Structure formats: structure tokens, C-alpha cells
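Protein chains in written order, with numbering that gives the first Met the number 0: chain A, 0 to 500; chain B, 0 to 431.
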Amino acid sequence: MSSVSGSPAFQAVEGDEEVIIGLEVHCQLDTKTKLFCGCSTDYRDDGPNTHVCPICLGLPGSLPAVNRKAVEFALKVAKALNCRVLEESEFSRKNYFYPDLNKGFQISQYDKPLAVEGWLRIEGDDGEKTVRITRVHMEEDPGRLVHKGGADRPKYTLVDYNRAGIPLIEMVTEPDIRSPKEARRFLNKLRATLEYLGVFDSEKEGSLRVDANISIQPRGWFEAHGKGMEGRGRTEVKNISSYKGVEKALTFEITRQKNLIRRGQRLETATRHFVETRGVTTASRSKEMEQDYRYFPEPDLVPLRVSDWCERIVLPELPDARQNRFMDEYGCSYNHARTLTGDLRVAEFYEKVAAVDPRIAATWVADTLLGELNYRDMNIAKVSPSHFIELLQMLKEDVITDKSAVEVLRVILDQLAEGCQCEAPSSCVARLNLAKTADDGLDAVIEEVMREHPQAVEDFHNGRKEALNFLVGQVMRKTRGRVDPGDVNRRLREILPPGGT
Amino acid sequence: MGIFAFSAPDPCNAFITRIPEAEYGDGKLAGVSIAVKDNISTKGIQTTCGSKILEGYVPPYDAHVVELLRAEGAAILGKTNMDEFGMGTTTENSAYGPTLNPADRERVPGGSSGGSAAAVASGMVRMALGTDTGGSIRCPAAFCGIVGMKPTYGRVSRYGLVAYANSLEQIGPMAANVPDISLLMGVLTCHDPRDSTSIIAPYTHTPDPDIHGLKVGVPEEYFGKGVDPRVASTVWEGISLLERLGAEIITCRMPSMDYALAAYYVTCMSEASSNLARFDGVRYGPPADPKKQWHESFQERRRDGFGKEVRRRVMLGTFALSSGYYGKYYAKAQSARRNVAADFSRLFSEVDVLAGPTMPTIAFRLGEKSDPLSMYLSDILTVPANLAGVPAISVPCGKVDGMPVGLQIMGRWCADERVIDVAYAFEEGVSA
């Protein structure tokens, strides 16, 4: 692709520019067997080259046969992304040499992809927006190289073909994304959608890979010139394998490109690699991007005619629908509903615990639990819904205060994080003596505090309101938060002799 | 059940690998000696495709057809010589030396299934499996004086056949007579879900020599430029025999023949360039040099491991698929191919089978076809059937200069039975 950068028309002043981003997202489809053979896809905990057969090893003479389930999964994705499924699509060979590529070509789709022209609604920087999907196609994952003896200058390299033949779905967007944050949101929405469909497991290591195309153009240039992004040169950042990584890589790339523009340097269209550990992108050899893949139709497979099949597929409830239902059915706020439905596991967790009290549950899952999990980098799958129900129940029945509930939650999560069997919330409350102090007990504590701080009592009597806060604080301290500060305040006002003035 | 002791001498170099004591079982082929072309995977038996790059490669699995042979009790006696990866018309392009023609050891047996043909023709085995991408079964059958058949594309599973040109090639039977071809067809045509191009059409036919009223088309192009007049007249005599047996002979035209050879070579070279990419030194052949950059060592492996003809075809195929040339070559070849198929369907609406010579000449002398283009031209009469995917058989039909000549009969898509009937009628008619 040629670059027409550097022409005076594009020397826009800083601040009058916009960022144009398009993504190519590859996700592993969560089928039981590989795309073209019967080997299991559950290879992650097993030794190298243990999930292989003549077909996924590409042994001479072996032939691919399409996994029906993988096609069904891909059709679900196409439908959920509002795509048009082509009457006839076909597999093509993408020819290139690489040691992880067992056949010297990858079976992919080229000019007749499975589906085209879709869209996905996301929350953009300026409210809701639509990101158009150019195409959705299927392909096989190559093997994996394991470098031994130093990452920079490996002594030797081993090849593991366990991953070879895992079904991938590639989804390409139009250049509709305008910031790294939007890119992250798009990916989150896409991940949620795929997980709702039951075709993708984002928890599996290496299940997502993203290539991002990014360029910085004078504002309005893109609208005027449209697709092709042939203004200033663009960068294709390859090898991004995490959701956070996409935002990081794009942010880095924007800074890098802006610096070049500021210095008046020409921006060449180029391929760069994202180095996750350092958070930077590095230049790739230009040779790699000039590669000619010599695509041609895979003669060992017959064309797919699956548009009728796609029409018969009934999709499950997707994130947007679930968000609306959470607002209607549980009375969740828009923000809570969005947070709760943004991740399938969270949504399902919420639905399991909502019965206690949908509003309390929404606050406690969306705000407290997710925050605590995020802090510990933990997954909600580890948390037992029944334990959480117990906790919500105690909150609802006023057995513990909010503060105690947070403490119990933290104790339990810490236990889980250490891989221990966690205790039930009720036994945790009992062990730490966190149950709310009964009113008569409260009076005793208040009297004790009044005895110990006669000066504060005197001050309050003399009209110094802040003395009351001090006394509330002392009571809270003595009860270690087992009482509600509101209750203490009320009771103190009843007991204390009325203030002067 | 038993052991077949295989000790027959091999003066023509028909075999690359021999099994001195071959086990066999019960079934339709109990104890029948069969040779398998060396591009068909055999579990535990080296499969080289006639190439140095696969020397020592022992597949861990059997091709579908080999499973079928074993299930029917055949004694597999070895793997036969061939042009490297099937690329040739003479069986001279083998890393394991040329195979000689049993009828005259100064001449080639034809190719690329020359080893299989020589093994049958010299009586070393009763039957053999060959593969036919552009005539590789029919050509050596014609040159060695045996029967060889390329079935309808899809009737025999290609699972385990080391691909040269996937969209053109079929595994097929080679034998001394038509009933043996028919017997083998009955075993080989078993649907295989592992081959997506496999069709469900089992062959359960018994050859019927009655061809009264059969319409036999004879394309003028099959007797045109480049066809040795002595071969032409021998084949015409054969066709008149069919007429005497009750068939009606109708001359016809096949204009797409002008483009058939070009379409064939562009297609097979393109597919080959991709199929052979896996031989990069990482998994097969001598290991790549770890001190070198991977692309450098790939280049070395491929330069040293492949023969000249293979390198030529890989390079031409790579070129034909390159960006900017794809439309000029590969895409155009596919449209020419559709024209050939259209010619066949037009002709088959008027006639039942087509007949003509299998090869334009008798077997070449060793080394005679040193110029690749003249070798390519000799495939002109066999490639149309591959381009259209229709069945075609070659049966012995007299001799020229003491060398066998083949009569080729081509039939409608999936009418392998009819093609075998005509060949059987002819074979019976000749011996009557």
C-alpha cells in the first residue's frame, strides 16, 4: 500500500486532528474439537504435541474436513454482529513460510468470507455509537513456537502443534473507532457478545489476538475521503493479545505518531509489533509486510452454503437485551445494568443473587464486589453465589452494617485469592464478632464512652456540635463498626442532656 | 490369511520399497498381490513420492484406499516408483532412478505411475494402485500395455494421497485386464467423510460386454496435430472394432482442447506450489541448519531436496498465483477449465462415451523428452478428463513398432460403470 503522506495538505496543526482506528480481532472459537480434525482443543495444561493427528500436523496426504460446530459458532457470531451471510463462501489458502505453519499455508477465507457488512453498538466517547463490521471469517490457528535459551537471542526454537487447527474467527471493523478507550470498549462489548453466544472463553490464555490499524488525520479528512485511510501513513500494530494491551498499544502509537508529525516527519505506512512487557510498539522488517500470500481457493474443501442455516439459528439474549431486562425486571439503574451485563459471568452471578433484594444486590455486585475483585485481579467465577446471598441476606436483615459486610467480603476474597477454602459469611461474622450490637448493648457502650470522655459530654452540653461527632466516632471504634453510625447519632441525642444556647 | 513371500526380481526398477513378506487377510482380494504407488500413505512403510525430501518418511497412518485394500485381504507387496510427486510423464524424474518399460527396457514406462504399470506389466504383481492428475495412470498403462483407469473425481477418497494437484487427481486401479479393474473399483469406491470432495457412489457393477446401440463420439482433435499417424490408425482400427460390436461411431469436435493443456498446467503447478510448501526441512527430510536464518535454511532444504522438474513447477505455480498475475493465469485457467467441462457435457448429451488414443505416441526412449515443453505436450489427450473430472480408461489396443498403444474411453461424470463396460467389450472383442 502506498503512502501519500507528507503532502502540504496534511500538515494540520496539532489539536485539529483525529485518530482513526480499525481493528482486526481474532478469537478462538470454543469448540470441543479442532476446525478440520477430531483433536481436542483442550490443550493448555498438556505437554507439547499431544493434541495432534495427521491432519492438524499437516502430514502429507491428510485432508481437512470442516467441523460443523465451528461453522455454527461462526454463524452465531455473524448473526449477533448483524452481518449478511454470503450465499456461498469458501476457504482459501494463505501461503507463507513459517516454522509454526505445518502445511506452508494457513486455511483461511479470502474473497468469499462467511459474512460481511455488520455492526456493533458500543458506548463511544460521545455517547452511543455504531462500529461497522467489514467482515467475519473463519481460519485455523497455526502452531506455537517456544524459544529456548533467552528471548532476545534464543539458542534454539521448539514447535508445538497443539494449537494448530484451533478454529479462529476473524472480525474486521471499518475504521470507525476514534480513541484507544473506544477500542477497549469495542473489545469489551465484542467479548461480552461472543461469551453470551457461548462460542468463546476469554479466560483461556491466548484466546484473543488483535491487530490494530491506526492513523492520525486532520479532523474531517476521514469523513471527506472515507475508507482506505490513505491520508497520512497508517500503522498496523500486530501481536496484541490482551484487552488492556490494545489500549496501551494504541496510546503509545498515538504519541509516537504525533511526535513524528510535530517534527514534520513523513509517516510511512508500516507494520509494527506490540511488545506487551514494555508497553511499546517496535518496527517490523519491511519485508514482512510486502508478503504476497498468493491466496487461492482451498481445493480440498467444498464451498460453504450456509445462509439458510444461519436464518434458522436462534440467538440467546445478548448484552443489550439483558441490560434492558435488568432495568425493567430488577429496577437496576442504567449504569448498574450496563456494568452487570458487560460480562456474562457477572450477569449470571447477579441473576443468581438478585432474589434477596435486586437493588441491594445490584449495588453490592456492581460497585463493591467488582471493585474488590479488580483490586485482587480475581475472577468472579471464584466467588460462591450462595455465600454472597448469605452476605446480602445479613445486610438486608440489618444483621451487619455496610462496613462489616465489606470487611467480611474482603476476608473471604483474601482467603479465595490465597487458594484457601473460604469460610461462610455467617461464620466469618461470628468469628470476628461483627454482628450489629443490639440496642441495649449500644446503650451500655454509649454510657461507657460518656464516662470516659466527660469533657466531650460537657462540650456538647455547651453547644459544641462537633463533640457529638467525636462521641459517635468513639462508639464506632469501641464496637468496631458493628453499629450503624446513624443509630449511634440518634441514640446519643436522646441520652445526652440537651445542649445549651 | 497368510504371508505372501515377495522375491520376484525387479529388473525394471518398478519398486522403491519392497515388502519381502507381506501379510494378507480374508476378503474380496484375499492374497491378491498389489503394489501401491509411493505417493499413497502406508502406515509403517516408507512413502517417498519419488523424492529425496521424503526419504525415510514413514507415515503413521494408512490412506483410505490402503485401509480398504487391507480390509479386503490384499497382500501389499511394496511401493512403486514414480516421477517425483507425480510430476512427469516418464518416471525418469525420480530420486530413486528411472523405471524401465518391461516391453523394451530402452524405453520409459510412461508416468507418473510408471512403477505401478511396470510391476503389473512384468507380472510382479496382479494389480496396482496408481494416481492420475493429468494422465498418470492412463499414460503408463498405454505405454506398458495394461489397463488403467482414472475414476470420476470424488469416487475414490484422496485421504492419504500426497497431494500434487488436489482438484485434478484421483487414485485408480491398474491391472492386466478389465475384470480386475472392475474388482478393484468395487473395493476403492467407498465414501470417506475425511475427504470433503468424496461422493457417495459405491461401485457394485459387473462388466457387461454388450454395447449394441452405444454411441461412441470420436473428437477430431484426438487425431490432430502431434499424434503419431501410426498410433492414430491403430486406434482407429480399435474404434472400428467397437463399431463391429454394435456401437455407433460419431465424429465430433472438442474446441476447448486448444486451451486444455495450458489450463491444466497452470492449475496443477499452482496447486503444487502450495501443496509442496510443507517440505521445508522443519518436519521432513534432513533437518534445517539451525545456525542459519529460518528462511535461508528453508531455501537450502528445498533447493537440495527437490528435483529439477519439481522446482520448475513450484516456481511456475508460485508465479501464477502471485498478486497481479493471479487473474492472468490461475483465474483464467479456471475459466478455461469450465469450458472444457462444458464441452464434455455438450458432447455427452449426444454420445455415451468418447474414444481416442490415450497417448499421441508410443513410449519414448529413455532421455528422449529432455525438453520439458515437449513432455508437457504429450499429455494433451489425457488432461481433458482430469479438468472435467470425468472417468477415463486406457485399454491395450495393438502395437506400433512392437510397443503397446492404448485406446482411451471417457465417460459421463460418475458413469465409470459404462466406461468399464466399453473397455470390457473391447478387450473381449480383441481376444475373440
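Ideal placement from N, C-alpha and C gives every residue a C-beta, glycine not left out. The structure displayed is predicted, hence computed values, not measured ones.
Ala354(B) beta carbon less than 8 Å from that of Val146(B): By 1-based counting over the second sequence, the position of residue 146(B) is 147. By 1-based counting over the second sequence, the position of residue 354(B) is 355. Result no, Cβ atoms of Val146(B) and Ala354(B) do not sit closer than 8 Å.
Nearest-angstrom Cα separation, counted from Thr233(B) out to Gly212(B): Locating residue 212(B) in the second sequence gives position 213, where the first residue counts as 1. Locating residue 233(B) in the second sequence gives position 234, where the first residue counts as 1. CA-to-CA, the gap between Gly212(B) and Thr233(B) works out to about 23 Å.
Straight-line gap, Asn468(A) to Arg131(A) (C-alpha atoms, nearest Å): What you label residue 468(A) is simply residue 469 of the first sequence in a count that begins at 1. What you label residue 131(A) is simply residue 132 of the first sequence in a count that begins at 1. The alpha-carbon separation between Asn468(A) and Arg131(A) amounts to approximately 57 Å.
Val209(A), buried or exposed, once every other Cβ within 10 Å from all chains shown has been counted against 16: Working through the first sequence from its first residue, we reach residue 209(A) at position 210. Looking at its Cβ environment, which holds 16 or more other Cβ atoms inside 10 Å, Val209(A) is buried.
At least three beta-carbon pairs within less than 8 Å, the stretch 161-170 of chain A to the stretch 53-70 of chain A: Cβ pair count under 8 Å is three or more, so yes.
Run of the beta strand (DSSP E) containing His386(A), from where it starts to where it stops: As a first step, residue 386(A) is located in the first sequence; it is residue number 387 there, counting from the start. First-last for His386(A): 384-395, but that is the alpha helix (DSSP H), not the beta strand (DSSP E).
Cβ of Ser32(B) within 8 Å of any chain A Cβ: Start at 1 with the first residue of the second sequence, and residue 32(B) comes out as number 33. Under the 8 Å criterion on CB atoms, Ser32(B) is classed as non-interfacial with respect to chain A.
Boundaries of the beta strand (DSSP E) in which Phe273(A) is found, first to last residue: Position 274 of the first sequence holds residue 273(A). Where Phe273(A) is concerned, the enclosing beta strand (DSSP E) stretches over 269-274.
Gly133(B) beta carbon less than 8 Å from that of Val352(B): Numbered from 1 along the second sequence, position 353 holds the residue referred to as residue 352(B). Numbered from 1 along the second sequence, position 134 holds the residue referred to as residue 133(B). A distance of 8 Å or more separates the beta carbons of Val352(B) and Gly133(B).
Collapsed DSSP secondary structure at Gly1(B) in the structure displayed: Locating residue 1(B) in the second sequence gives position 2, where the first residue counts as 1. DSSP places Gly1(B) in the strand class (E or B) of the three-state scheme.
Cutoff 8 Å: Ser195(B) Cβ touching any chain A Cβ: Along the second sequence, read from residue 1 onward, the residue named residue 195(B) stands at position 196. Ser195(B) counts as touching chain A.
Exposed unless 16 or more other CB atoms sit within 10 angstroms - verdict on Pro453(A): Here the question's residue 453(A) lines up with position 454 in the first sequence. Taking all protein chains in view, the Cβ of Pro453(A) is surrounded by fewer than 16 other Cβ atoms within 10 Å, so the residue is classified as exposed.
Alpha carbon of Leu186(A) to alpha carbon of Tyr242(A), nearest angstrom: The residue you call residue 186(A) lines up with position 187 of the first sequence. The residue you call residue 242(A) lines up with position 243 of the first sequence. As the crow flies, the alpha-carbon of Leu186(A) is around 7 Å from that of Tyr242(A).
Interface partners of Ala64(A) on chain B, CB under 8 Å: For this step, residue 64(A) is matched to residue 65 along the first sequence. Taking a Cβ-Cβ cut-off of 8 Å, the neighbours of Ala64(A) in chain B comprise Pro192, Arg193, Asp194, Ser195, given in sequence order.
Residue(s) in a DSSP beta bridge with Arg120(A): Here residue 120(A) corresponds to residue number 121 of the first sequence, with the count starting at 1. Looking at the DSSP assignment, Arg120(A) forms a beta bridge with Thr129(A).
Reduced DSSP secondary structure (H/G/I, E/B, other) of Ser91(A): Against the first sequence, residue 91(A) aligns to sequence position 92. Note: Ser91(A) maps to strand in three-state DSSP.
Cut-off 7 Å between Cβ atoms - residues of its own chain near Gly205(A), not counting five sequence neighbours on either side: Locating residue 205(A) in the first sequence gives position 206, counting from the first residue. So the qualifying residues of the chain are Ser240.
8 Å Cβ cut-off: residues of chain A touching Ala276(B): In the second sequence, counting from the first residue as 1, residue 276(B) sits at position 277. Neighbours of Ala276(B) on chain A, chain order: Asn94, Phe96, Lys102, Gly103, Phe104.
Segment contact, 8 Å Cβ cut-off, at least three pairs: the stretch 49-58 of chain A with the stretch 265-280 of chain A: Here the stretch 49-58 of chain A makes no contact with the stretch 265-280 of chain A; the two share fewer than three CB pairs at distances below 8 Å.
Distance, Ala223(A) Cα to Lys78(A) Cα: Locating residue 78(A) in the first sequence gives position 79, counting from the first residue. Locating residue 223(A) in the first sequence gives position 224, counting from the first residue. In a straight line, the C-alpha of Lys78(A) is about 31 Å away from that of Ala223(A).
Cβ-based neighbour list, Asp415(B), same chain, cut-off 7 Å, excluding 5 preceding and 5 following: For this step, residue 415(B) is matched to residue 416 along the second sequence. Excluding residues within five positions, the ones whose Cβ falls inside 7 Å are Pro150, Thr151, Arg154, Met184, Tyr202, Pro390.
Glu194(A) vs Leu372(A) beta-carbon contact at 8 Å: Along the first sequence, one-based indexing puts residue 194(A) at 195. Along the first sequence, one-based indexing puts residue 372(A) at 373. It is not a contact, given that the beta carbons lie outside the stated cut-off.
Inter-residue Cα distance where the pair is Thr250(B) and Ala231(B): Along the second sequence, read from residue 1 onward, the residue named residue 250(B) stands at position 251. Along the second sequence, read from residue 1 onward, the residue named residue 231(B) stands at position 232. Looking at the two C-alpha atoms, the distance is approximately 14 Å.
Residues from the stretch 41-69 of chain A in contact with chain B, defined by Cβ distance under 9 Å: From the stretch 41-69 of chain A, only Cys52, Pro53, Ile54, Leu56, Gly57, Leu58, Pro59, Gly60, Ser61, Leu62, Pro63, Ala64, Val65 have a Cβ closer than 9 Å to chain B.
Local Cβ density within 10 Å of Thr47(B), reported as buried at 16 or more and exposed below that: Against the second sequence, residue 47(B) aligns to sequence position 48. Counting Cβ neighbours within 10 Å, Thr47(B) comes out buried, since at least 16 surround it.
Under the three-state DSSP convention, the category Lys398(B) falls into: Taking the second sequence and counting its residues from 1, one reaches residue 398(B) at position 399. Looking at Lys398(B) - three-state DSSP - the assignment turns out to be strand.
Boundaries (first-last residue) of the beta strand (DSSP E) holding Lys327(B): The sequence position of residue 327(B) within the second sequence is 328, counting from 1. Where Lys327(B) is concerned, there is no enclosing beta strand (DSSP E), given that its DSSP letter is neither H nor E.
Length of the line joining the Cα atoms of Pro97(B) and Gly109(B): By one-based count along the second sequence, residue 97(B) stands at place 98. By one-based count along the second sequence, residue 109(B) stands at place 110. About 10 Å.
Segment contact flag, the stretch 159-177 of chain B with the stretch 125-139 of chain B, C-beta cutoff 8 Å, min 3 pairs: The stretch 159-177 of chain B and the stretch 125-139 of chain B touch, with no fewer than 3 CB-CB distances between them shorter than 8 Å.
Buried or exposed (CB count within 10 angstroms, at least 16 for buried), Ala117(B): Mapped onto the second sequence, residue 117(B) falls at position 118. It counts as buried.
Backbone CA spacing between Val124(B) and Ala34(B) [nearest angstrom]: Residue mapping note: residue 124(B) aligns to position 125 of the second sequence, counting from 1. Residue mapping note: residue 34(B) aligns to position 35 of the second sequence, counting from 1. Whole-angstrom Cα-Cα distance: 7 Å.
Selected residue, minimal CA-CA separation from Pro384(A), among Ile176(A), Ala346(A), Lys402(A): For the purposes of this step, residue 384(A) is taken as residue 385 along the first sequence, with counting starting at 1. When each option's Cα is compared against that of Pro384(A), the closest is Ala346(A).
For Phe509(A), the three-state DSSP class (helix, strand or coil): No answer is possible for residue 509(A): the residues shown for chain A start at 0 and end at 500.
Test: Tyr152(B) CB closer than 8 Å to a CB of chain A: On the second sequence, position 153 is the one that residue 152(B) refers to. Cβ-Cβ to chain A under 8 Å: no for Tyr152(B).
Alpha-carbon to alpha-carbon, Pro179(A) and Ser356(A): Against the first sequence, residue 356(A) aligns to sequence position 357. Against the first sequence, residue 179(A) aligns to sequence position 180. Per the sequence presented here, residue 356(A) reads as Asp, with Ser not at that position. Cα to Cα, the separation comes out at about 37 Å.
At least three beta-carbon pairs within less than 8 Å, the stretch 371-379 of chain B to the stretch 253-266 of chain B: Output reads yes: the stretch 253-266 of chain B touches the stretch 371-379 of chain B.
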